[in-house]
Each structure stands twice: as C-alpha cells, then as structure tokens.
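One structure is given below, encoded as structure tokens.
Here you go:
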C-alpha cells in the first residue's frame with residue numbers, strides 16, 4: 001500500500017466578528033476541501049480565524065466538561081463556572097461536528113481529529129487568580145485529568161456521529177512542550193520563566209491523556225512542530241504515532257521517527273510549507289523528498305508514513321491550503 005496524506009488541522013477562513021452564517025459557510029467549505037483533497041484520511045478542520053472560541057486552546061477547553069473557563073484580555077482563564085465565551089466555544093464545536101457528520105455520511109475509512117495537549121494548555125491557560133496553570137502543580141494535574149475525561153466523552157460522541165470511521169486518530173498537539181521542559185515559558189509579568197517540568201511528571205500527565213484515547217478505542221498521535229520533538233517522551237507516555245515537520249526537526253530526531261515506523265506506528269511527516277511558498281513544489285519533488293528520507297534511514301516505503309504540511313494551514317491562502325493537500329495526496333501514491 002502507498003503512503004497516505006492528511007492535514008495537521010487548521011485551515012484558513014472565518015472572521016472573529018463575522019456573521020454566524022458566513023463562518024458556518026467557511027467551515028462547510030473547509031470540510032469539503034478536506035474531503036476532496038485528502039479522501040483517504042480526512043481530518044476535522046479547525047478555523048482559528050473565527051477567533052479565540054475556535055483556536056486550539058478554546059476548541060480543546062470546549063471538551064473539558066469538568067472545568068469552567070472564560071475569555072479574559074490576557075487569554076483563556078479557568079473559572080468556577082463556564083463564562084459566555086466558554087459556552088460559545090462548546091456551541092460552535094457542536095455545530096461544527098453536526099456539519100462534519102452530515103458531509104461525511106457514507107464515508108468509510110480512518111478519520112483524524114485534533115486537540116491541544118495538557119502541557120500546551122497548562123502553558124496557555126490562566127488559573128482563576130491569574131498566572132498560568134503551569135505555575136501550580138495541583139492545577140496542572142487537575143487540568144490534565146479533566147482533559148482525559150473530556151476526551152473519553154468526545155471520542156464516544158465522534159463514534160456515534162461517524163459510524164463509518166474504521167479508525168479514529170486523535171492528534172494531541174503539544175507545540176509548547178519543548179519550552180515547558182526547558183523552563184522557557186514566560187511568567188505573566190514577562191520578567192521571569194516558569195520552572196522546568198521534569199520528564200517523569202510530563203510523561204505521567206501525557207499518559208493520562210494518551211491512555212484515555214486508547215481506552216476509548218482511538219489511536220493517540222503526538223504532534224509537535226518544534227525542532228526538538230521529544231519523541232521518546234511521547235512514545236514512552238503511550239503515543240502510538242508521531243507528527244513532525246521534516247524541514248524543522250534536527251537529524252537527532254530521525255532515529256526516533258525511524259523507531260516509530262519500525263514499531264508499526266504512524267509517522268505524520270511535514271513535507272510541504274504551511275504558508276504560500278515562493279516556488280510551488282511538484283508532485284514528483286514531494287515524493288522524492290519522502291523517498292530520500294526513508295532511504296537515508298534504511299527504511300522501505302510504508303503505508304505507516306502519512307504525508308502532511310509542515311504545520312497548520314491557517315496562515316495560508318485558501319488556494320495554497322487546497323493545493324498543498326492535493327499535492328500531498330498525489331505524491332503519496334508514489335511512496336509505497
């Protein structure tokens with residue numbers, strides 16, 4: 001079988017102050033682009049252009065039923081009860097899932113969805129009295145456990161809505177994890193840095209999330225588009241696939257990706273730019289890029305390799321967003 005192709009998650013479209021009808025139209029169009037362009041592994045698109053209720057953090061907080069949240073000038077903050085923006089985020093997610101369910105009727109095959117990981121949430125969400133959840137050991141554990149519980153319900157809902165999904169991949173986005181591990185996340189004042197979170201604690205909290213996904217019958221995939229992707233940490237915590245950008249990661253990460261493929265797990269490999277390039281790659285050049293990388297590692301082409309953009313496509317033009325996915329789908333047929 002040939003390699004597959006999919007997207008990371010975000011797509012262009014939507015306006016923070018746009019009408020509900022216009023934003024719904026943009027989302028429907030994004031779903032149609034996904035289904036037309038990567039029909040073998042479609043993903044639930046995210047349109048962060050619609051504002052904070054639709055970005056990675058707001059989207060994931062909409063799943064966390066056990067905790068309240070509200071939107072403050074500095075960003076999302078945990079609160080004793082859900083504020084109006086938290087309720088809007090939940091309502092928007094529900095409407096988007098209705099559209100995705102309707103447009104995927106009759107589809108049979110794997111599907112991918114995305115959520116923000118517990119450490120990225122802890123680094124971006126504030127405690128009720130301010131400063132990041134990351135600053136409080138108990139608060140970050142509570143958030144991680146609430147996310148795990150919310151994912152169990154979310155996956156059950158997806159199973160009901162997508163009866164033809166033969167496999168459900170849940171991509172856990174952790175762009176902030178390298179900074180969390182390095183003690184590089186700034187405090188609220190901007191004058192200091194939060195203390196380093198050591199790998200054993202990071203692994204434990206990730207493990208709750210990955211286990212919840214696996215126990216619900218889905219496949220946990222860890223995504224990080226940094227240069228220093230903590231592959232061993234992800235896999236040790238229970239991830240059964242890794243998503244990384246080939247143009248960003250260092251050669252030191254290659255062995256971890258090779259080990260992932262050799263274990264029969266998926267590697268989602270970023271092979272085309274996530275924003276409009278000055279020179280558009282060809283189907284042949286994208287396929288050759290993947291094949292050279294596999295050859296360098298001494299690996300045969302495999303359907304466990306999934307070709308993706310380098311990261312989300314929210315910053316791309318609608319034309320490049322569509323073309324990049326089509327290009328990956330076409331190139332994947334030559335890698336196998």
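Numbering (full-length UniProt numbering), first residue to last: 1 to 336. Think of the CB as a built atom: it goes at the ideal place given N, C-alpha and C, for glycine as much as any other residue.
Legend entry - Nearest candidate by alpha-carbon position, reference residue 65, set 119, 23, 151, 97: Translated into positions along the chain shown, residue 65 becomes position 65. Nearest to residue 65 by C-alpha distance, out of 119, 23, 151, 97, is 151.
Inset, instruction - Flag this pair as yes or no: are the beta carbons of residue 51 and residue 16 separated by less than 8 Å? - result: For the purposes of this step, residue 51 is identified with residue 51 of the chain shown, where counting begins at 1. For the purposes of this step, residue 16 is identified with residue 16 of the chain shown, where counting begins at 1. Yes, the pair counts as a contact, with Cβ atoms nearer than the cut-off.
Legend entry - residue 132 - partner residues in DSSP beta bridges: Residue 132 sits at position 132 when you count from the first residue of the chain shown. Looking at the DSSP output, residue 132 bridges to 126.
Inset, instruction - For residue 275, collect the residues of the same chain with a Cβ closer than 6 Å to its Cβ; drop the 5 residues on either side in sequence, then sort them by chain order. - result: Here the question's residue 275 lines up with position 275 in the chain shown. The answer, listed in chain order, is 315, 316.
Legend entry - CB-CB length for residue 245 against residue 270, believed under 8 Å: As a position in the chain shown, residue 245 is number 245, starting the count at 1. As a position in the chain shown, residue 270 is number 270, starting the count at 1. 3 Å between Cβ atoms; contact.
Inset, instruction - Go ahead and pull the three-state DSSP assignment for residue 40. - result: The residue you call residue 40 lines up with position 40 of the chain shown. Coil.
Legend entry - For residue 60, the three-state DSSP class (helix, strand or coil): Numbered from 1 along the chain shown, position 60 holds the residue referred to as residue 60. If DSSP states are grouped into helix, strand and coil, residue 60 belongs with the helices.
Legend entry - Closest residue to residue 40 among 168, 320, 186 (Cα-Cα distance): In the chain shown, residue 40 corresponds to position 40, counting from 1. Measuring from the Cα of residue 40, the nearest candidate turns out to be 168.
Inset, instruction - Would you kindly check if the distance between the Cβ of residue 180 and the Cβ of residue 193 is under 8 Å? - result: The residue you call residue 193 lines up with position 193 of the chain shown. The residue you call residue 180 lines up with position 180 of the chain shown. With contacts defined as CB atoms closer than 8 Å, residue 193 and residue 180 fail to qualify as a contacting pair.
Legend entry - Through-space distance from residue 4 to residue 239, alpha-carbon basis: For this step, residue 239 is matched to residue 239 along the chain shown. For this step, residue 4 is matched to residue 4 along the chain shown. Looking at the backbone, the Cα of residue 239 and that of residue 4 are separated by about 19 Å.
Legend entry - For residue 118, the nearest candidate out of 206, 21, 20 (CA to CA): For the purposes of this step, residue 118 is taken as the residue at position 118 of the chain shown. Looking at the Cα atoms, 206 is the closest of the given residues.
Legend entry - Proximity of residue 281 and residue 327 at Cβ, strictly below 8 Å: Along the chain shown, one-based indexing puts residue 281 at 281. Along the chain shown, one-based indexing puts residue 327 at 327. Yes, Cβ-Cβ distance for residue 281 and residue 327 is below 8 Å.
Legend entry - Cutoff 8 Å: residue 111 Cβ touching any chain D Cβ: Among the chains in the structure shown there is no chain D, since it carries only a single protein chain.
Inset, instruction - In angstroms with no decimal places, state the Cα-to-Cα distance between residue 223 and residue 233. - result: Locating residue 223 in the chain shown gives position 223, counting from the first residue. Locating residue 233 in the chain shown gives position 233, counting from the first residue. C-alpha separation (whole angstroms): 12 Å.
Inset, instruction - Take every Cβ of the segment 155–165, pair it with every Cβ of the segment 91–104, and state whether three or more of those distances are shorter than 8 Å. - result: At 8 Å Cβ cutoff, the stretches touch.
Legend entry - Limits of the beta strand (DSSP E) - the one that residue 66 falls within: Sequence index remark: in the chain shown, residue 66 carries index 66 (1-based). Taken as a continuous stretch (DSSP letters only), residue 66 belongs to no beta strand (DSSP E), as it is neither H nor E.
Inset, instruction - Tell me the start and end of each unbroken alpha helix (DSSP H) in the segment 174–216 that is at least 4 residues and wholly inside, in chain order. - result: 177–182, 199–215, all fully within the segment 174–216.
Legend entry - Contact belief for residue 47 with residue 75 at Cβ below 8 Å, rounded distance in angstroms: For the purposes of this step, residue 47 is taken as the residue at position 47 of the chain shown. For the purposes of this step, residue 75 is taken as the residue at position 75 of the chain shown. About 19 Å; that fails the 8 Å criterion.
Inset, instruction - Tell me, please, which residues DSSP counts as bridged to residue 309. - result: To locate residue 309, count along the chain shown from 1; it is residue 309. Answer by DSSP bridge pairing, in chain order: 272.
Inset, instruction - Compute the Euclidean distance between the alpha carbons of residue 188 and residue 292, then round it to the nearest angstrom. - result: Along the chain shown, one-based indexing puts residue 188 at 188. Along the chain shown, one-based indexing puts residue 292 at 292. Rounded to the nearest angstrom, the two C-alpha atoms are 44 Å apart.
Inset, instruction - Let me know if residue 235 comes out buried or exposed under the rule of 16 or more other beta-carbons within 10 Å of its beta-carbon. - result: Your numbering for residue 235 matches position 235 in the chain shown. Classification of residue 235: buried, given that the 10 Å Cβ count is 16 or more.
Legend entry - beta strand (DSSP E) segments (min. 3 residues) lying fully within the segment 226–284: Scanning the segment 226–284 from its first residue to its last, the whole beta strand (DSSP E) runs of 3-plus residues come out as 241–245, 266–272.
Inset, instruction - Would you list the one or two residues that DSSP bridges to residue 19? - result: Numbered from its first residue, the chain shown carries residue 19 at position 19. Residue pairing of residue 19 in beta bridges, as defined by DSSP: absent, with no partner found.
Inset, instruction - Below 8 Å on the Cβ atoms is my guess for residue 220 versus residue 8; work out the distance and round it to an integer in Å. - result: Counting from 1 along the chain shown, the entry for residue 220 is found at position 220. Counting from 1 along the chain shown, the entry for residue 8 is found at position 8. Residue 220 to residue 8, Cβ: 16 Å. No contact.
Legend entry - Reduced DSSP category for residue 148 - H, G, I as helix; E, B as strand; rest coil: The residue you call residue 148 lines up with position 148 of the chain shown. Note: residue 148 maps to helix in three-state DSSP.
Inset, instruction - Could you tell me which of 336, 226, 304 sits nearest to residue 259, measuring between CA atoms? - result: If you number the chain shown from 1, residue 259 lands on position 259. Shortest Cα-Cα distance from residue 259 to any of 336, 226, 304 involves 304.
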